[in-house]
Every structure is written in structure tokens, then in C-alpha cells.
Amino acid sequence: MIDQSSEHVEPSALRRDNLQLDLLEEDGATPSPFVTSPVKRFREIPIMRNPYISPYVASDELLEGLPPMHIIACSLDPLLDDSVMFAKKLKRRNKHVQLDIIDGLPHGFLNFSPISTECKAASMRCVRHIMQVLLWFPRGGVV
Numbered sequence: 002m003i004d005q006s007s008e009h010v011e012p013s014a015l016r017r018d019n020l021q022l023d024l025l026e027e028d029g030a031t032p033s034p035f036v037t038s039p040v041k042r043f044r045e046i047p048i049m050r051n052p053y054i055s056p057y058v059a060s061d062e063l064l065e066g067l068p069p070m071h072i073i074a075c076s077l078d079p080l081l082d083d084s085v086m087f088a089k090k091l092k093r094r095n096k097h098v099q100l101d102i103i104d105g106l107p108h109g110f111l112n113f114s115p116i117s118t119e120c121k122a123a124s125m126r127c128v129r130h131i132m133q134v135l136l137w138f139p140r141g142g143v144v
């Protein structure tokens, strides 16, 4: 039993079959605001449909003006699916795109380059892509 007069909770009161969550407002009609998915609310923000924020939602006309693309994503990146979908969208438009997926690292791995050999090696892959773009460095060249 839960003793509401103190912060002590009896372990027997925490059994799964004792837990209840009232998802209805007092009038019984609509779900409480805390039940609404934050992801759904996030997707409904107008800026998330802005093609300059999320190029995946860009029109074909806007994509036509893009230069060749180098997309680097990580296998543990929450944006991996977005990167793959965007690369596929560019390919369907016959745009030049290179998608490089770095295995076993998370989004933000560049921050760990000074302390991780894996992150340092991955950051050098990024440098190679930059060299390809800016210096016309041949693909597969040594840095």
C-alpha cells in the first residue's frame, strides 16, 4: 500500500498489476496533454517542414540546384535513416551523391577524436571527403 503522508513506498505497492494510469480528462472525453507524443508534436512544428532545415522535404526543383553531395552518417546515429532516405532521394533525381556510413560510432563522434582512435580514424574519413570536394582529391587517395 502507498503511504501518501510520506515519501516511503511499500515494495508490494509497486507491482505491475497495481499500477493504473488515468489517460482521460475529468470529463472523460480527451487524453491529457502529457499523453500526446512529443515526436508527433515535434513533427507538427512548421520549421520542421522547412526544406532548408530538413532537406529531405525539399522539392525536386530545389534539389536540382544542389551541388554533388557527400553525406557522412554513423550506424549509431539517430539521423541515419534520414541520411539514407535523403541520399536515395538525390539518387532518384540523378544527382551525384556519396553516402559514407561509419560503423559503430554515434552522432557527434568528432567531439571524441582527441581521445578515441576509432573517432580519429572516422574524422580522417571526413577530411578525405572535404579534400575530394575542395581540392578535387581523387577518391581513395591517402591523407
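If you read the sequence shown in our numbering, its first letter stands for residue 2, the second for the next number, and so on.
Don't be surprised by glycine CBs; every beta carbon is placed ideally from N, CA and C.
Does the distance from the C-beta atom of residue i to that of residue j stay below 8 Å?
i, j, result
"residue 48", "residue 130", "no"
"residue 113", "residue 75", "no"
"residue 135", "residue 96", "no"
"residue 103", "residue 123", "yes"
"residue 91", "residue 63", "no"
Following the continuous beta strand (DSSP E) through residue i, name the residue where it begins and the one where it ends.
i, result
"residue 74", "70-77"
"residue 100", "98-107"
Give me, in chain order, the residues of the same chain whose beta-carbon lies closer than 8 Å to that of residue i; leave out the 5 immediate sequence neighbours on both sides.
i, result
"residue 86", "57"
"residue 126", "73, 101, 103"
"residue 55", "49, 83"
"residue 61", "94"
For my contact list, residue i and residue j are in at a C-beta cut-off of 8 Å; report their separation, rounded to the angstrom.
i, j, result
"residue 107", "residue 77", "4 Å"
"residue 52", "residue 59", "4 Å"
Over what stretch of residues does the alpha helix (DSSP H) that includes residue i continue unbroken?
i, result
"residue 62", "61-65"
"residue 125", "118-136"
"residue 87", "81-93"
CB-CB under 7 Å to residue i, same chain, minus the five flanking residues each way: which ones, in chain order?
i, result
"residue 43", "49"
"residue 121", "114"
Quick one: residues in its chain with C-beta nearer than 6 Å to the C-beta of residue i, no 5 flanking neighbours on either side, listed in chain order?
i, result
"residue 99", "71"
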